[in-house]
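Below is one structure; the comments refer to it alone.
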Amino acid sequence: MKNAILYLLIFISGLMYSQILQKGIIQDGNGRMLDAATVTLSKDQKKVATVFSDLGNFSMGYPEAGNYTLTVTLPDYQPVEMLVQLPKESMMITMHRNEHTIQEVTLTKRKPLIERKIDRVSFNVENSIIASGGSAWEALTKAPGIQITSANTVTANRKNVRIYLDGKPLQLSGDDLAAYLQGMPSDQVSQVEIFSNPPARFDAEGASVVNIVTKKAKKQGFNLSLSGGINQGNYTGYTGNTTFTYRKNKWNMYGNYGFTHRKTIQDHNIFINYGNSLWNSLSRTVYDSDTHDYRLGVDYQVSDNQVLGFLITGNNRKGSSESPAITEITSPAMKLDSTLNTDNYASTLGSQHAFNLNYNLKLDSAKSSLNIDLDYAPFRNVNRPFTDNVTLLPDGSLTSDFFHIYTPSSQEISIMSGKADYYFKAAKGLEITSGIKYSSTESISIFDYFNRDGAELKAVEANRNHFTYREKVASTYTSVSGNFGSWSLQGGLRGEYTRTRGYEQNLNLLNEQNYFKLFPTVFIQYKPCENHEFQFNYAYRIERPEYNRLNPAKRFLSPYSVYAGNPALQPAFVHSLEAGYTYSKKYNLTAYYTSTRDVFTNINIQDNDTKRYYGTQANLGLSTMAGIRLSAPVKPASWWDVNILADIYRQREKSDYLSGSYDNHMISFSGSMSQSFSIDKKTGLKAEINGTYNSSGIQGIYRVRANFFVDLGVKMNVLKNAGTLKFTITDIFNTNNNLVSIHFRDQQSRFFYQRESRFITLSLLYRFGNNISAPRNRKTASEEERKRMQ
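Here our numbering is used: the first residue of the sequence shown is 218, the next is one more, and so on.
Below you can see the structure in the form of structure tokens.
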């Protein structure tokens, strides 16, 4: 190990000193620093290096001392060419405007709402009033192809996703993910990037990847922004956030802090047909939560081509939920048999942190670079649920079937990881990126079960659970891309070796897995002329179950309803390909096909004899989807923009299931239309209205009913254009709900969920201070593992 470290240090040192660096400054005749000037160094009519000035500063490498030709060009300025003898302590270059340059010209180019690139689709949040009027969660839900289930599970084009924030994964999912992003104002979000088929530089986990990109300032100085908002649904919620960046000399500091209070509801209606009895349950869950999220980063410029950085991100959550439920049990003739009154109350505490140490080295005038990340990410979650159930006869009298339990649980997850990535720009425009990564994860879950009699607690050891899960993944990848005339190509190969060990102490259950897999990706783009473009891409991916799906602890929602994870779950593997055509850089038509084997999902099993409903996780068979997506921007008038998205697809779900099998098919459709209106340019008054429709669909033996929703937003500039005021109404008609049914052999049930989605939101963002240099946008090593935390 010592020798390996020594060789690595010698290698890095050799790279650092293989080039001599020359610094310089470019300014105009008034001493104003000039940005984006092209600086070229040549010797004997051969180009040695080319760089661009950054706010007037530049540094470039050259192999040896001697005489060189330096050329500087910038649009609207006279070019500069001079003979220089290097090295020099410093260089000052003055450029003069072209006498024929038009002095007062203002060009404004507005990014389109949706942009398509070779490996992703980018949703420009700042160009959407509704998406930018609330929180980052609302911004995510408005991105094209994003779907949200009643359990706040996120999918992209109906494929499972891994969600990143500025290239770093969020270690949350479901309700916790929603709460975290609801605490971040969407005014901080610049783009949402959807990688339907992620390239090889991403970990192989996740059928697709969604990266939330925050806004970055671009000039020197100090910048501070304050924002706050109030949202009104059944209850009132509020949020506040502050963001700062400060740069001086070689130091750059940046950070943010946000607080969010949310109180929302979710309505449930569960109907189960046990054959000789019908169970109809109605409940309303009230969620109350306070969330603190924060980030602090420091970058130190060791030299012109080296940066050392430290970043800490954190999130603390405290909340509670109350869920009273009434279940009426009747005969098939609708005669009342009994009534169950169930009260569920739970308090939760959660925290997550991520510590990242980063080293970045640029070489050969940025033609190559080395990036190293070391990460440590701890996570803790504590849940304290109480469940009380009593049974009433038709005359209102109580039976002796009392059910009072207390089931506290805790989960601690620790992730240690490291990665190194090397980028090289070869001849003829080829770009090569290679990297290695190693991660080690340990998850410890403890679940206790107590019967309650007043204040007295009696432990039930048979229901206690102590589950430990360990996972180690070693991976390496190489990606090559380049442009060849009308063709753009990008291909990659990633190899991952995985070892897992799950052990349940009470039951003495051990499950181990070891496997190695290769994951290829291919992207091809052909552009015969300016207005026509053809694309093709393919990816092979893996989906690993979240840690909570593997935990066999039993969680009782009532004496008749219990859920437990499955430590024997296997990963699923996904083949995905797309072929598309784009006309005039605007109108896109894409045909796609996705095939997933060994799909893991939650399943519900009803026992018609004991009247118990059992939920667990299982690997099923095959899930395929083939369809056509259309996206088209339309501009009926100079003040009116329309974006249309439409998707028609055929699903097939096939598997052995319980003691039978199924092979279900369905053709489904989803579509959305976003319209924005520029009302008054002076005040920046704009309005937007969005509508989305999803037809019925299938998932395994589940059938999902169609739904739709409409959103409205208005914004304007205030406080001398230093502030932005926004007003939005989401789900105006309160129609965003889910109805799921099961009709499979003797399994007959129906579930209705409506998570509160109709909100009126008023928000204000105020900026003051100077713009500053942006903090670096970098990935950390614990990318995929943190996302799987529950």
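Backbone N, C-alpha and C fix where the C-beta goes; we use that ideal spot for every residue, glycine too.
Asked                                                                                                                      : Found
Within-9 Å CB hit, R846 to chain C                                                                                         : In the displayed structure, chain C is absent; only one protein chain is listed.
Close beta carbons around Y452, own chain, < 6 Å, minus the five adjacent residues each side                               : K480
CA nearest to the CA of A808, picked from Q787, D826, M842                                                                 : M842
W468: first and last residue of the uninterrupted beta strand (DSSP E) it sits in                                          : 468 to 490
Opposing strand residues paired with M401 [DSSP bridges]                                                                   : DSSP, once it has assigned bridges, lists no residue as partnering M401.
Own chain, CB closer than 8 Å to M309, minus 5 neighbours either side, in chain order                                      : G241, I242, Q244
Inter-residue CB distance, L300 and T286 (contact presumed, cutoff 8 Å)                                                    : 6 Å
First through last residue of the beta strand (DSSP E) which encompasses T453                                              : 453 to 465
Buried/exposed call for K326, threshold 16 Cβ in 10 Å                                                                      : Low confidence applies here, because K326 scores a pLDDT of 49, under 50, leaving its location unreliable and the question unanswered by this model.
Reference N819, options G832, T811, K828, Y810, closest by Cα                                                              : G832
C-beta atoms of K642 and K584 nearer than 9 Å                                                                              : yes
Local Cβ density within 10 Å of S878, reported as buried at 16 or more and exposed below that                              : exposed
Three-state secondary structure assigned by DSSP to K359                                                                   : coil
Pick from N369, R375, S352 that is closest to P361, judged by C-alpha positions                                            : R375
Rounded straight-line distance, which links the Cα of F275 to that of L291                                                 : 14 Å
R766: first and last residue of the uninterrupted beta strand (DSSP E) it sits in                                          : R766 -> not in any beta strand (DSSP E); alpha helix (DSSP H) instead, spanning 764 to 767.
Residues that DSSP places opposite L786 in a beta bridge                                                                   : Looking at the DSSP assignment, L786 forms no beta bridge with any residue, so it has no partner.
Reduced DSSP category for E306 - H, G, I as helix; E, B as strand; rest coil                                               : coil
Minimum C-alpha distance to F667 - residue among A923, D605, I959, L839                                                    : D605
Buried/exposed call for Q628, threshold 16 Cβ in 10 Å                                                                      : buried
Sequence ranges, beta strand (DSSP E) only - wholly within the stretch 515 to 570, length at least 3                       : 523 to 547
Within 9 Å, strictly: CB atoms of F733 and S698                                                                            : no
Chain-order list of residues whose beta-carbon lies under 6 Å from that of H509 (same chain, five-residue window excluded) : F476, N533
Bridge-paired residues (DSSP) for Q722                                                                                     : The partner list for Q722 (beta bridge, DSSP) is empty, contrary to what the question assumes.
D880 classed as buried or exposed, judged by whether at least 16 other C-beta atoms fall within 10 angstroms               : exposed
At least 3 beta-carbon pairs within less than 8 Å: the stretch 860 to 867 vs the stretch 843 to 852                        : yes
Cβ contact (3+ pairs, closer than 8 Å) linking the stretch 673 to 693 and the stretch 607 to 616                           : no
9 Å Cβ cutoff met for Y471 and T459                                                                                        : no
Whole-angstrom distance between N955 and T366, CA atom to CA atom                                                          : 8 Å
Rounded straight-line distance, which links the Cα of N783 to that of Q834                                                 : 6 Å
Reduced DSSP category for N1010 - H, G, I as helix; E, B as strand; rest coil                                              : This structure cannot settle anything about residue 1010, because the visible part of the chain is limited to 218 through 1007.
Pairwise C-alpha distance: Y655 and Y639                                                                                   : 16 Å
Exposed unless 16 or more other CB atoms sit within 10 angstroms - verdict on F926                                         : buried
Simplified DSSP state of V931, which is helix, strand or coil                                                              : strand
Best match in L238, S259, R249 for proximity to S307 [C-alpha to C-alpha]                                                  : L238
Status (buried if at least 16 other CB within 10 Å, exposed otherwise) for K636                                            : buried
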